[in-house]
Ligand SMILES: Cc1ncc(C[n+]2csc(CCOP(=O)(O)OP(=O)(O)O)c2C)c(N)n1
Ligand SMILES: Cc1ncc(C[n+]2csc(CCOP(=O)(O)OP(=O)(O)O)c2C)c(N)n1
Ligand SMILES: [Mg+2]
Ligand SMILES: [Mg+2]
């Protein structure tokens, strides 16, 4: 593990460690820095984490079967994503990276729509306005500025600080630990700070940016960066769904009230390789992964739910059924994703296709049409 | 004055205010955070500040006379620049912006060489290796990364941490308050921090980036930014040449010893408009300028020198003579700066001129040669 | 009313701000100062600092947050202070602004305008005289336009704001203070080139900074009995090839002029198109009169380095000699 | 020895590192991992982490600090992980790297190499299949080269490192795993194009990713009795126009192919040059077979979107029909 501060030791937390309510052993306890969220549907949280994990596993399987070109696995980060997503109000806007399948799920996206990008049948896959969940952004850091601009729009729309929970709106921007090194991310922090914007930056510090451990990006914890720009940074145990939810909820409330931005560092771990195309054994010891497996975000909530008697066997059986349904849905959905139309790039480059592009499309169509014959002779 | 922390109140300094040894009234006193530098040639410091101010005034005059296209005045920032420059060892490398005429002067550059860029007769003007003073960089923030790379080279050359004062080397990078907002500057901070590089970032916070007050760039003091990246930020009274010298000396020593980077914030003021092309009356009240005039960096040292009896009238007369000489040198030098050679862009684009560029140069030369005749008929 | 291009742009932006509350201006020093060229003079006072925004000193931030604002339904008009300072924003422009419509299958529209004073000839220092138009014209998803006179400036800036696609709006800074009549009539179509002067012997194609020199060259040529047609392209992307072809088809000779370096400059595409489309009708090769393949020189050299009337006329001689 | 292009580059870089202690490699994931394409595999282990540097995730930082290293006497070789991620570095490349020699009146030399895997055809996601060569070729002060086979890869990467000018070194990623003979002989001059196949009916000009398709098309044409000369440009800037002219002068017909979008793509400059220099010898207009003027499509469309053998042959038909 590359960082001292990231260490979530078994048992008691050091006062300056990440905020934690739920220990890896499933013991629920207070943290002096944040209130334990009340009226939380813990069984629902666990169910969503489980389903999201299954979504991820199925996508990996689809990649192995050649149905997807690539898949960036979220495994290990279910608590961070589901916890953050549960804190969102419907009107809030989300700017994800390319790994927030769990947030997409909680936002109510059909998970099949997440596959098109990695299948190569689309560059997008869903309408970002419908569920207020922006398209995935692959260029590291770029989405942080889009979130900032959107938040500038919220200020101008006067939908912050009214006290009306169904009206006041915030932006939740996701980023990885690697994104902290891009200039654009730092510009986003600065703009958010200076304008006191209603934006929450949620950094999943999964300890790795492909093969680069966090120590390549920084010598101090993520949360400290925010202070340098003049807004709060909050480290939370990213494998504790309650800590993630509580911290994000507080930060979003702060943002909606007009009190400005927050940077949350969810200390977590990328259990799988960077993507299915990556080979993590080249750069990190399996012992490290094992260590983090022991802090599994699902397991600790399962232990807690079981011990507290809140759920019964039927609850787990129901989850298993839903997982099966999800798997079937994903497999069928993936294979029946529509092939992209050859005309679509031409049609979607501009609002109205310029004459030259029309000419090129016609040429392209003619070429494709003649392809059958030509293919035969040549 | 846009910032609270930047306020240098008359008299006692608040403990978290910028480090100050010499008050605007010329009273010398200790600051608990830094040792008052000993064995400093105060008369020399004052003399250089006076000469640098004269250099600046002469350049402004030359611009008014049409000899220069533009001039960015350093007036008000003499202490910051001369103080920082006095802390340099010969082997250290400097990366200036476009306003460090005072540093150039102390580095021993012929001040005439500073004029060519603003006269339009060159884009450079001096050999950056000779005095270890890089060319001016006009693109805000870009030089910060060059300084970082140079410092990476120092680490690889193994010229830090040996304890040998004539060998250990550091980099001094200048930047303005506006530069703090560029992504590249923040990448430079991050790289310097992670690699613990021998670089000192010297930010002259002159309160303005053209028409933007510091409050447009940040809601916290400059020095705090450094902490966000994990290295020290040191605020100093930028109008106190001793504070600037002491802080830079300490930071450079730290860098040379291998202990890593420092960001110094010299809290100062841009007395003149951004450049001779700018009209500051459009965006800032003259009362603000007046307030800062009262904290003039030269005046306080003059008061101190006079009060302490360290200098006599001849000393000031000598400075006046040198100023006159400098003025004459600048005026004559400016007018006799060589006109650039039409072939030089072609010759200096690549190490060896490619065939196509040779063809273009020949065409250009032919065109110019034919110009006389053609000009007559057309 | 005869006004400068700066004033025409200012009027156009004022009208855009007044007509649509979703229009915002953002950039460095555009508020209190009114921009270093005063194009936005008085607009912050009139429309407030929430609509005319003095931004931090970060071009990536300007364009990146403009994208976010557009996603929220705004129509931001960004000012990049000088041509040479657009490069920190290029990542947001090329990878995001130009591509989001395509990426989203047409769901997202980004009506963002990026105003850039461009070109040389004003005696400025490095990075203040760049001609980056080819970079943007080579980027699908962007529209790239420029104006050469106050009337077009006034009309086109409003058309750019109204356009639902991202527009790179290049302002020829050396003509900022040139005056011309500006009226409130029906503007020419946004993407249409304009034949400024008709002629029969050759077609001279120019845009933005070089248009006045092109007209001057045509005048001089006329004195020598040569009839030169002058086309002001106005829209660089999309390119109004019809207007160009129609002209060259008649004249059989084409010359293109721009300040940017020759190689891979805008003229290359024009030459490539014309030689292909009008192959049988060309009496001479398409000739280019442009800046050289060097970085922009120190300003004391720019008058010679930049293409001008004499070089255009030399090229015309050469063209006619075929 | 028959090795892949990846291995050839790896060998070339190893040799460069061994030959000169001032040579450094820097980039994201190039050390332990050996780069996402394994081009730098094993080099950090062999030369240490001070010489093969895993950098933070910032492309401006990579190029900007490479400039500083070069100012200190080093010869950094930067890796940009994918073509689409070079844009954050464009400000340092265009305003600093390309210009510092000129700015300093020739005092500063910056022997910086920027390696970029480029082009499409590997079924990848957005930003991983870009062809940015024209942006760089339009920037005076940069050299731009690309290789199409392991031997050139091995030779040219070392020549790039040895060169005292900044070099953008474009690696056609879809041929990374293509094998070929690599020997240690005297390499062809760095800036010279190469006639890969001689012919008499038409000249087909290609580079990097499109070279194999060009050769294949020439083969197919030969079966139809057409003799096509194939030129691999290798150096995009400076351009070896002599080789191109000599060929077109003989054949009277020229075709250019590249993956990048048509408008203002590399082919535009070639067409402009050829039509000017060989005006009287062209039997047909210079034709371009390129990507379309859209952003790169989703990978399921790329096989059709990208130019290929059939489109080249169609263009050849068209050329011959003049
Ligand atoms: C600007 C840019 N540079 C490089 C890449 C290649 N790349 C893709 S993911 C990645 C690592 C990102 O790490 P992090 O931000 O920690 O996110 P994670 O993948 O761990 O979720 C890199 C370098 C990119 N997508 N964008
Ligand atoms: C990347 C970039 N954007 C914009 C500019 C235009 N510009 C020149 S100086 C300046 C203000 C710089 O302010 P600061 O960094 O505080 O330095 P100062 O001029 O006060 O010394 C601006 C915006 C530039 N030179 N570079
Ligand atoms: Mg990560
Ligand atoms: Mg300033």
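Residue numbers (our numbering), protein chains in the order written: chain A, 792 to 1169; chain B, 792 to 1169; chain C, 268 to 589; chain D, 268 to 589.
Ideal placement from N, C-alpha and C gives every residue a C-beta, glycine not left out.
All values derive from a computational prediction rather than experimental measurement.
Inset, instruction - Report the neighbours of residue 362 of chain D on chain C: residues whose CB is nearer than 7 Å to its CB, in chain order. - result: Residue 362 of chain D sits at position 95 when you count from the first residue of the fourth chain. Neighbours of residue 362 of chain D in chain C, taken as residues at a C-beta separation under 7 Å, are given in chain order as 351, 354, 394.
Inset, instruction - Would you please verify whether the beta carbon of residue 900 of chain B is less than 8 Å from any beta carbon of chain D? - result: Within the second chain, numbered from 1, the residue matching residue 900 of chain B stands at position 109. Cβ-Cβ to chain D under 8 Å: no for residue 900 of chain B.
Inset, instruction - Could you check how far apart the C-beta atoms of residue 962 of chain B and residue 938 of chain B are, in whole angstroms? I think they sit under 8 Å. - result: Position 171 of the second chain, counting from 1, holds the residue named residue 962 of chain B. Position 147 of the second chain, counting from 1, holds the residue named residue 938 of chain B. Residue 962 of chain B to residue 938 of chain B, Cβ: 5 Å. Contact.
Inset, instruction - Output the distance between the C-alpha atoms of residue 1145 of chain B and residue 506 of chain D, rounded to the nearest integer angstrom. - result: Along the second chain, read from residue 1 onward, the residue named residue 1145 of chain B stands at position 354. Along the fourth chain, read from residue 1 onward, the residue named residue 506 of chain D stands at position 239. Linking residue 1145 of chain B to residue 506 of chain D through their CA atoms gives a straight-line distance of about 9 Å.
Inset, instruction - State yes or no: is the C-beta of residue 987 of chain B nearer than 7 Å to some heavy atom of ligand 4? - result: The residue labelled residue 987 of chain B in the question sits at position 196 within the second chain. Every heavy atom of ligand 4 is 7 Å or more from the Cβ of residue 987 of chain B, so no.
Inset, instruction - Going by DSSP, name the residue or residues bridged to residue 1170 of chain B. - result: Because chain B in this structure spans residues 792 to 1169, residue 1170 of chain B falls outside the shown range and cannot be described.
Inset, instruction - May I have the straight-line CA-CA distance separating residue 578 of chain D from residue 522 of chain D, to the nearest angstrom? - result: For this step, residue 578 of chain D is matched to residue 311 along the fourth chain. For this step, residue 522 of chain D is matched to residue 255 along the fourth chain. Taking the Cα positions, residue 578 of chain D is about 11 Å away from residue 522 of chain D.
Inset, instruction - Kindly examine ligand 4 and report whether one of its heavy atoms sits closer than 7 Å to the Cβ of residue 969 of chain B. - result: Position 178 of the second chain holds residue 969 of chain B. For ligand 4, a non-hydrogen atom lies closer than 7 Å to the CB of residue 969 of chain B.
Inset, instruction - Could you tell me whether any Cβ in chain A is nearer than 8 Å to the Cβ of residue 369 of chain C? - result: On the third chain, position 102 is the one that residue 369 of chain C refers to. Chain A has a Cβ within less than 8 Å of the Cβ of residue 369 of chain C.
Legend entry - Buried or exposed (CB count within 10 angstroms, at least 16 for buried), residue 1095 of chain A: Taking the first chain and counting its residues from 1, one reaches residue 1095 of chain A at position 304. With 16 or more other Cβ atoms inside 10 Å of its own Cβ, residue 1095 of chain A counts as buried.
Legend entry - Among C:277, C:413, C:282, nearest to residue 298 of chain C - alpha-carbon criterion: If you number the third chain from 1, residue 298 of chain C lands on position 31. If you compare the alpha carbons of C:277, C:413, C:282 with that of residue 298 of chain C, the shortest gap goes to C:277.
Legend entry - Buried versus exposed call for residue 531 of chain C [16 or more other C-beta atoms within 10 Å across all chains shown]: Looking up residue 531 of chain C in the third chain gives position 264. Residue burial is scored here from C-beta neighbours: residue 531 of chain C has at least 16 other C-beta atoms within 10 angstroms and is therefore classed as buried.
Legend entry - For residue 848 of chain A, three-class secondary structure by DSSP: Here residue 848 of chain A is taken as the residue at index 57 of the first chain, counted from 1. Residue 848 of chain A falls in the helix class under three-state DSSP.
Inset, instruction - Grab the span of the alpha helix (DSSP H) containing residue 1116 of chain A for me, first residue to last. - result: Walking along the first chain from the start, residue 1116 of chain A turns up at place 325. Counting along the chain, the unbroken alpha helix (DSSP H) around residue 1116 of chain A starts and ends at 1104 to 1126.
Inset, instruction - Run the proximity test for residue 997 of chain A: is its beta-carbon closer than 7 Å to any non-hydrogen atom belonging to ligand 1? - result: Taking the first residue of the first chain as position 1, residue 997 of chain A is located at position 206. Because some heavy atom of ligand 1 lies under 7 Å away, the Cβ of residue 997 of chain A counts as near it: yes.
Legend entry - For residue 435 of chain C: DSSP bridge partner residues: Here residue 435 of chain C is taken as the residue at index 168 of the third chain, counted from 1. As DSSP reads the structure, residue 435 of chain C sits in a beta bridge with C:381, C:411.
Inset, instruction - Can you pull the chain B residues whose beta carbon is under 9 Å from the beta carbon of residue 1008 of chain A, in chain order? - result: By 1-based counting over the first chain, the position of residue 1008 of chain A is 217. Chain B residues near residue 1008 of chain A: 981, 985.
Legend entry - Element boundaries [alpha helix (DSSP H), containing residue 950 of chain A]: Along the first chain, one-based indexing puts residue 950 of chain A at 159. Note, residue 950 of chain A: premise wrong, no alpha helix (DSSP H); not H, not E.
Inset, instruction - Identify, in the order they occur along the chain, each residue of the same chain with its Cβ nearer than 8 Å to the Cβ of residue 861 of chain B, setting aside the five sequence neighbours on each side. - result: Against the second chain, residue 861 of chain B aligns to sequence position 70. Sequence-distant partners of residue 861 of chain B (beyond 5 residues in either direction) whose C-beta falls short of 8 Å from its own C-beta, in its chain, are 854, 909, 1066, 1067, 1068.
Inset, instruction - Measure from the alpha carbon of residue 461 of chain D to the alpha carbon of each residue in D:431, D:426, D:514, then state which is nearest. - result: In the fourth chain, counting from the first residue as 1, residue 461 of chain D sits at position 194. Taking residue 461 of chain D as reference, the option from D:431, D:426, D:514 with the minimal CA-CA separation is D:514.
Inset, instruction - For residue 1061 of chain B, verify whether its CB is less than 7 Å away from any heavy atom of ligand 4. - result: Taking the second chain and counting its residues from 1, one reaches residue 1061 of chain B at position 270. When distances are taken from the beta-carbon of residue 1061 of chain B to the heavy atoms of ligand 4, the shortest one is below 7 Å.
Inset, instruction - Put residue 996 of chain B into one of helix, strand or coil per three-state DSSP. - result: Here residue 996 of chain B is taken as the residue at index 205 of the second chain, counted from 1. Looking at residue 996 of chain B - three-state DSSP - the assignment turns out to be strand.
Legend entry - residue 401 of chain C beta carbon near ligand 3 (any heavy atom closer than 7 Å): Sequence index remark: in the third chain, residue 401 of chain C carries index 134 (1-based). Ligand 3 never approaches residue 401 of chain C closely enough for any of its heavy atoms to be under 7 Å from the residue's Cβ.
Inset, instruction - Check the Cβ-Cβ distances between residue 567 of chain D and every residue of chain A, and say whether any is below 8 Å. - result: Stepping through the fourth chain from its first residue, residue 567 of chain D is reached at position 300. Taking Cβ atoms only, chain A reaches closer than 8 Å to residue 567 of chain D, which makes this a yes.
Inset, instruction - Could you name the residues of the region 307 to 326 of chain D whose beta carbon sits closer than 7 Å to any beta carbon of chain A, in the order they occur along the chain? - result: For the region 307 to 326 of chain D, the beta-carbon criterion of a distance under 7 Å to any beta-carbon of chain A is satisfied by 321, 323, 324, 325.
Inset, instruction - At 9 Å on the CB atoms, spell out the chain C contacts of residue 1133 of chain B, in chain order. - result: As a working mapping, residue 1133 of chain B is identified with position 342 in the second chain. Chain-order list of chain C residues neighbouring residue 1133 of chain B: 564, 568, 571, 572, by C-beta distance under 9 Å.
Legend entry - Any non-hydrogen atom of ligand 3 within 7 Å of residue 521 of chain C CB: Along the third chain, one-based indexing puts residue 521 of chain C at 254. No, the beta carbon of residue 521 of chain C sits no closer than 7 Å to any heavy atom of ligand 3.
Inset, instruction - For chain D, find out if any of its Cβ atoms is closer than 8 Å to the Cβ of residue 809 of chain B; answer yes or no. - result: One-based indexing of the second chain puts residue 809 of chain B at position 18. By the rule that beta-carbons nearer than 8 Å mark a contact, residue 809 of chain B does not touch chain D.
Legend entry - heavy atom of ligand 3 below 7 Å from residue 1160 of chain A C-beta: Sequence index remark: in the first chain, residue 1160 of chain A carries index 369 (1-based). No, since every heavy atom of ligand 3 falls outside the 7 Å radius drawn around the Cβ of residue 1160 of chain A.
Inset, instruction - Check each candidate in B:948, B:911, B:867, B:832 and name the one with the smallest Cα separation from residue 289 of chain D. - result: Taking the fourth chain and counting its residues from 1, one reaches residue 289 of chain D at position 22. Closest option to residue 289 of chain D, Cα to Cα, is B:948.
Legend entry - Cβ shell of residue 922 of chain B (< 6 Å), same chain only, five flanking positions each side left out: For the purposes of this step, residue 922 of chain B is taken as residue 131 along the second chain, with counting starting at 1. Within the same chain, residue 922 of chain B has close Cβ partners 898, 899, 900.
Legend entry - Buried or exposed (CB count within 10 angstroms, at least 16 for buried), residue 444 of chain D: The residue labelled residue 444 of chain D in the question sits at position 177 within the fourth chain. It is exposed - the Cβ of residue 444 of chain D has fewer than 16 other Cβ atoms within 10 Å.
Inset, instruction - Can you check the region 989 to 1035 of chain A for any beta strand (DSSP E) of at least 3 residues that lies completely inside it and give the ranges in chain order? - result: If we require 3 residues or more, the beta strand (DSSP E) runs fully inside the region 989 to 1035 of chain A come out as 990 to 996, 1024 to 1028.
Inset, instruction - With distances taken Cα to Cα, identify the nearest neighbour of residue 995 of chain B among B:875, B:822, B:1080, B:1125. - result: Translated into positions along the second chain, residue 995 of chain B becomes position 204. Answer by Cα proximity: B:875.
Legend entry - Closest Cα partner of residue 1000 of chain B within the set B:1018, B:971, B:958, B:1125: For the purposes of this step, residue 1000 of chain B is taken as residue 209 along the second chain, with counting starting at 1. Nearest to residue 1000 of chain B by alpha-carbon distance, out of B:1018, B:971, B:958, B:1125, is B:971.
Inset, instruction - Out of B:865, B:1135, B:817, B:813, state which residue places its alpha-carbon closest to the alpha-carbon of residue 1062 of chain B. - result: The sequence position of residue 1062 of chain B within the second chain is 271, counting from 1. Per the Cα distances, B:865.
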